[in-house]
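Accompanying notes for the structure given below.
Number of protein chains: 2
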Amino acid sequence: MTRGSYGQFCPVAMASEILCTRWTLVLIREMIAGSTRFGDLRRGVPRMSPTLLSQRLKDLEAAGIVSRLPSEREQGVHEYRLTEAGRDLKPVIEAFGLWGQKWVETEATLENLDVSLLMWDMRRNINPAPLPPHRTVVQFRYPDLPINRQNWWLIVDPEARVDLCATDPGFDVDLWITTDLRTMTAIWLGLIPVGDAGSRLRIDGDPALARTITKWMGLSTFAGQRKLIG
Amino acid sequence: MTRGSYGQFCPVAMASEILCTRWTLVLIREMIAGSTRFGDLRRGVPRMSPTLLSQRLKDLEAAGIVSRLPSEREQGVHEYRLTEAGRDLKPVIEAFGLWGQKWVETEATLENLDVSLLMWDMRRNINPAPLPPHRTVVQFRYPDLPINRQNWWLIVDPEARVDLCATDPGFDVDLWITTDLRTMTAIWLGLIPVGDAGSRLRIDGDPALARTITKWMGLSTFAGQRKLIG
DNA sequence: CAGTATCCTATCCGATACTG
DNA sequence: CAGTATCGGATAGGATACTG
Numbered sequence: 001m002t003r004g005s006y007g008q009f010c011p012v013a014m015a016s017e018i019l020c021t022r023w024t025l026v027l028i029r030e031m032i033a034g035s036t037r038f039g040d041l042r043r044g045v046p047r048m049s050p051t052l053l054s055q056r057l058k059d060l061e062a063a064g065i066v067s068r069l070p071s072e073r074e075q076g077v078h079e080y081r082l083t084e085a086g087r088d089l090k091p092v093i094e095a096f097g098l099w100g101q102k103w104v105e106t107e108a109t110l111e112n113l114d115v116s117l118l119m120w121d122m123r124r125n126i127n128p129a130p131l132p133p134h135r136t137v138v139q140f141r142y143p144d145l146p147i148n149r150q151n152w153w154l155i156v157d158p159e160a161r162v163d164l165c166a167t168d169p170g171f172d173v174d175l176w177i178t179t180d181l182r183t184m185t186a187i188w189l190g191l192i193p194v195g196d197a198g199s200r201l202r203i204d205g206d207p208a209l210a211r212t213i214t215k216w217m218g219l220s221t222f223a224g225q226r227k228l229i230g
Numbered sequence: 001m002t003r004g005s006y007g008q009f010c011p012v013a014m015a016s017e018i019l020c021t022r023w024t025l026v027l028i029r030e031m032i033a034g035s036t037r038f039g040d041l042r043r044g045v046p047r048m049s050p051t052l053l054s055q056r057l058k059d060l061e062a063a064g065i066v067s068r069l070p071s072e073r074e075q076g077v078h079e080y081r082l083t084e085a086g087r088d089l090k091p092v093i094e095a096f097g098l099w100g101q102k103w104v105e106t107e108a109t110l111e112n113l114d115v116s117l118l119m120w121d122m123r124r125n126i127n128p129a130p131l132p133p134h135r136t137v138v139q140f141r142y143p144d145l146p147i148n149r150q151n152w153w154l155i156v157d158p159e160a161r162v163d164l165c166a167t168d169p170g171f172d173v174d175l176w177i178t179t180d181l182r183t184m185t186a187i188w189l190g191l192i193p194v195g196d197a198g199s200r201l202r203i204d205g206d207p208a209l210a211r212t213i214t215k216w217m218g219l220s221t222f223a224g225q226r227k228l229i230g
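Going down the list, the sequences are from chains S and C. The first sequence runs 1 to 230 under our numbering. The second sequence runs 1 to 230 under our numbering.
So, in structure tokens, the structure goes:
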């Protein structure tokens with residue numbers, strides 16, 4: 001019997017059998033964050049191979065955590081949605097996140113920089129409410145990155161839909177944010193307040209947008225749980 | 001790169017890297033429940049090989065979750081204690097337990113019967129307060145089990161220390177509880193109230209003890225979170 | 001885009017025996 | 001009792017290519 005059950009009736013052990021396999025909690029986190037399609041899930045969990053992603057989704061479906069439905073809009077495509085049992089995992093994910101934010105070495109965390117993941121996360125947490133009622137375009141510039149990953153555009157359209165582009169969409173830019181990936185990630189995680197980044201973060205463009213940045217640029221759910229770094 | 005990091009700065013991913021390996025959460029649950037010595041940990045996680053247990057304890061020490069100290073009482077023996085970071089995992093364990101209790105199939109859970117684990121758990125949760133001020137001995141009898149696992153004695157001494165024996169300690173017995181392992185486990189998990197077990201559970205002996213059984217016989221932390229079974 | 005199929009190896013882990 | 005040493009096998013999962 002290799003790799004069998006823990007053989008314990010304890011609910012912690014039973015839950016661990018289902019949840020504590022590689023990638024599983026990260027995938028569930030991504031679903032709780034709102035991704036429902038295979039491609040979106042891949043984007044949120046890019047280092048997971050498609051084979052394994054497919055496998056895990058099947059496992060989770062068998063466990064009653066995910067349901068797989070044909071998409072209402074597109075042919076031959078499915079959507080993966082959390083069942084009630086899946087949604088009930090939110091406290092589990094939150095407990096992990098809080099603990100991770102509090103106790104995992106900052107340095108270890110900041111070894112995992114990933115601009116695409118970061119921008120994808122930021123896109124999700126933009127708060128359009130404080131923005132003007134017309135289209136707003138914010139360009140992020142990371143001069144320290146390879147050319148094809150340096151520029152990102154966040155676009156909030158008048159209907160408050162948020163879009164992310166890695167290629168110039170051609171719109172006029174309202175605000176430029178120029179920084180390095182490590183600084184931006186640390187800000188996102190709540191390790192550095194935007195205002196404390198000093199010369200590592202430059203903001204140019206519309207002064208009104210710049211002034212309200214902390215209002216519309218949402219940070220990680222777990223920001224603000226831990227002592228700040230210098 | 002097989003089995004490397006998730007490559008994500010997300011605190012959930014960082015925490016998962018540390019916690020979501022086989023046996024780890026079950027081991028931590030055992031430590032939170034109070035076990036500190038290698039032997040006690042083995043008893044609480046009996047299907048884990050000593051090699052792997054030793055390995056995991058080292059991993060957890062490296063992660064700052066466990067500290068290994070020479071025992072104050074005994075030579076050449078160590079105690080494994082949770083650090084503050086380790087104690088902070090209690091909410092994580094609780095979230096797992098609550099979810100497991102609510103969503104894992106009862107039948108799956110009850111396939112993992114283990115009398116030694118159950119009695120060890122019960123021992124931990126006996127509440128001596130309502131018991132008389134002299135030694136109390138409760139004998140559990142499981143006629144459905146192999147002969148050498150049928151009988152267990154819980155002994156609460158006048159100083160309120162609780163002891164568990166699998167061989168007759170020779171004391172007069174105050175109360176006999178005769179049942180089958182599945183029923184007793186279901187009761188422990190809160191799936192059946194003691195009073196509803198009917199003929200599957202027989203109590204003999206001191207009527208006062210029998211009457212107050214729900215007062216002194218503690219159940220699983222997670223009992224009472226889920227709909228009962230028939 | 002949404003997945004599947006195949007292959008292959010690193011690594012994890014279970015079993016067992018052994019030592020201070 | 002408290003751990004360590006060794007070994008072999010299973011398997012998970014990474015890489016890559018492919019299909020509707």
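We treat Cβ as the ideally placed atom computed from N, Cα and C, and that holds for glycine.
1) Are at least three pairs of beta-carbons, each pair with one atom in the segment 55 to 72 of chain S and one in the segment 98 to 105 of chain S, less than 8 Å apart?
2) According to DSSP, is Pro70 (chain S) part of a helix, a strand, or is it coil?
3) Could you give the DSSP three-state label for Gly205 (chain C): helix, strand or coil?
4) Which of the residues in the segment 6 to 19 of chain C, read from start to end, lie with their CB under 9 Å from any CB of chain S?
5) Rounded to whole angstroms, what is the Cα-Cα separation between Glu84 (chain S) and Thr106 (chain C)?
6) Touching or not, the segment 76 to 95 of chain S and the segment 197 to 206 of chain S, by the rule of three or more beta carbon pairs under 8 Å?
7) When you compare each of S:Ile177, S:His134, S:Phe140 to Glu159 (chain S) by their alpha carbons, which one comes out closest?
8) Nearest to Arg56 (chain S) by CA position, among S:Met31, S:Glu72, S:Gly224, S:Met122, is which residue?
9) By the criterion of Cβ-Cβ separation under 7 Å, what are the contact partners of Trp152 (chain S) in chain C?
10) On the DSSP letters alone, give me the boundaries of the alpha helix (DSSP H) that Glu79 (chain S) sits inside.
11) Is it buried or exposed for Gly54 (chain S), if we count other Cβ within 10 angstroms and need 16 for buried?
12) Quick check on Ser220 (chain S): buried or exposed, where buried means 16 or more other Cβ atoms within 10 Å of its Cβ?
13) Let me check understanding here. Comparing Cα to Cα, which of S:Glu17, S:Val194, S:Gly224, S:Ala223 lies closest to Val104 (chain C)?
14) State the DSSP-derived secondary structure class of Leu154 (chain S), mapped to helix, strand or coil.
15) Quick one: using the 10 Å Cβ neighbour count with 16 as the cut-off for buried, is Gly44 (chain C) buried or exposed?
16) Looking at the C-beta of Leu41 (chain C), does it have a partner C-beta in chain S at a distance below 9 Å?
17) Under 9 Å between the Cβ atoms of Leu164 (chain C) and Trp153 (chain C)?
18) Counting C-beta neighbours from all protein chains within 10 Å, is the total for Pro11 (chain S) 16 or more, i.e. buried, or is it exposed?
19) Helix, strand or coil for Gln139 (chain C), going by three-state DSSP, please let me know.
20) Closer than 9 Å between beta carbons: that is the criterion. Which residues of the segment 101 to 114 of chain S meet it against chain C?
21) Look up Trp176 (chain S) in the DSSP assignment and give the residues it is bridged to.
22) With a Cβ-Cβ cutoff of 9 Å, do Trp188 (chain C) and Ile126 (chain C) count as a contact?
23) Anyone know if the C-beta pair for Trp176 (chain C) and Arg149 (chain C) falls short of 9 Å?
24) Tell me which same chain residues have a C-beta within less than 6 Å of the C-beta of Ile28 (chain S), skipping the five on either side of it?
25) Considering only the alpha carbon of each residue, which of C:Phe38, C:Val66, C:Pro46, C:Thr109 lies closest to Glu74 (chain C)?
26) So with CB distances below 9 Å, who are the chain S contacts of Val66 (chain C)?
27) How long is the line joining the alpha carbons of Asp231 (chain S) and Ile93 (chain S), rounded to whole angstroms?
28) Do Ala13 (chain C) and Asn112 (chain S) have their beta-carbon atoms positioned less than 9 Å apart in this structure?
29) Taking C-beta pairs closer than 8 Å, name the residues in chain S that Pro91 (chain C) reaches, listed in chain order.
30) Among the residues of its own chain, which have a CB less than 6 Å from the CB of Gly205 (chain C), if the five just before and after it don't count?
31) Report the option in C:Ala186, C:Gly86, C:Arg3, C:Pro130 whose CA atom is closest to the CA atom of Leu118 (chain C).
32) Would you tell me roughly how many angstroms separate the C-alpha atoms of Pro50 (chain C) and Ser5 (chain C), rounded to the nearest one?
33) So which of S:Thr21, S:Leu19, S:Thr183 has the shortest CA-CA distance to Leu110 (chain S)?
34) From which residue to which residue does the alpha helix (DSSP H) around Leu52 (chain S) run?
35) Would you kindly work out how many angstroms separate the C-alpha atoms of Arg124 (chain S) and Val162 (chain S), rounded to a whole number?
In terms of the structure at hand:
1) Verdict: no, contact absent.
2) Looking at Pro70 (chain S) - three-state DSSP - the assignment turns out to be strand.
3) When secondary structure is reduced to three states using DSSP, Gly205 (chain C) falls in the strand class.
4) Those residues of the segment 6 to 19 of chain C that come within reach of chain S (Cβ to Cβ, closer than 9 Å) are Tyr6, Gly7, Gln8, Phe9, Cys10, Pro11, Val12, Ala13, Met14, Ala15, Ser16, Glu17, Ile18, Leu19.
5) Cα atoms of Glu84 (chain S) and Thr106 (chain C): separation of roughly 17 Å, rounded to the nearest angstrom.
6) In short, these stretches do not touch, since the Cβ pair count stays below three.
7) Nearest option by C-alpha distance: S:His134.
8) With distances taken between Cα atoms, Arg56 (chain S) lies closest to S:Met31.
9) The contacting residues do not exist; Trp152 (chain S) stays about 16 Å from chain C at best.
10) Residue range 78 to 82 is occupied by the beta strand (DSSP E) that includes Glu79 (chain S), with no alpha helix (DSSP H) assigned at that position.
11) First, the residue type needs correcting, since residue 54 (chain S) is Ser and not Gly in the sequence shown. Looking at its Cβ environment, which holds fewer than 16 other Cβ atoms inside 10 Å, Ser54 (chain S) is exposed.
12) The residue in question, Ser220 (chain S), is buried, as its Cβ has 16 or more Cβ neighbours within 10 Å.
13) The residue among S:Glu17, S:Val194, S:Gly224, S:Ala223 with its C-alpha nearest the C-alpha of Val104 (chain C) is S:Glu17.
14) Shown here, Leu154 (chain S) sits in a strand according to DSSP, grouped into three states.
15) Counting of Cβ neighbours within 10 angstroms places Gly44 (chain C) among the buried residues, the total reaching 16 or more.
16) Not closer than 9 Å to any Cβ of chain S, the Cβ of Leu41 (chain C) fails to qualify, so no.
17) When the beta-carbon positions are compared, Leu164 (chain C) and Trp153 (chain C) come within less than 9 Å of each other.
18) Within a 10 Å sphere around the beta-carbon of Pro11 (chain S) sit 16 or more other beta-carbons, which makes this residue buried.
19) Judged by DSSP in its simplified three-state form, Gln139 (chain C) adopts strand.
20) Listed in chain order, the positions of the segment 101 to 114 of chain S with a beta carbon within less than 9 Å of a beta carbon of chain C are Gln101, Lys102, Trp103, Val104, Glu105, Ala108, Thr109, Leu110, Glu111, Asn112, Leu113, Asp114.
21) Paired residue(s): S:Gln139, S:Asp204.
22) Result no, Cβ atoms of Trp188 (chain C) and Ile126 (chain C) do not sit closer than 9 Å.
23) No, the pair does not count as a contact, with Cβ atoms beyond the cut-off.
24) Closer than 6 Å at the Cβ level, and outside the excluded window around Ile28 (chain S), lie Leu89.
25) The candidate whose alpha carbon is nearest that of Glu74 (chain C) is C:Phe38.
26) By Cβ distance, chain S contributes nothing, its closest Cβ being about 13 Å from Val66 (chain C), past 9 Å.
27) The structure shown does not extend to residue 231 (chain S), since chain S is modelled only from 1 to 230, so the question has no answer here.
28) Cβ atoms of Asn112 (chain S) and Ala13 (chain C): closer than 9 Å.
29) The contacting residues are Ala95, Leu98, Trp99.
30) Only residues of its own chain outside the window of five on either side were considered, and among them Asp174, Leu175, Trp176 have a CB closer than 6 Å to the CB of Gly205 (chain C), listed in chain order.
31) Residue C:Ala186 is the option with its Cα nearest to Leu118 (chain C).
32) So the two alpha carbons sit approximately 26 Å from each other.
33) For the residues S:Thr21, S:Leu19, S:Thr183, the minimum Cα distance to Leu110 (chain S) belongs to S:Thr183.
34) First-last of the alpha helix (DSSP H) with Leu52 (chain S): 50 to 62.
35) Cα-Cα distance, rounded: 8 Å.
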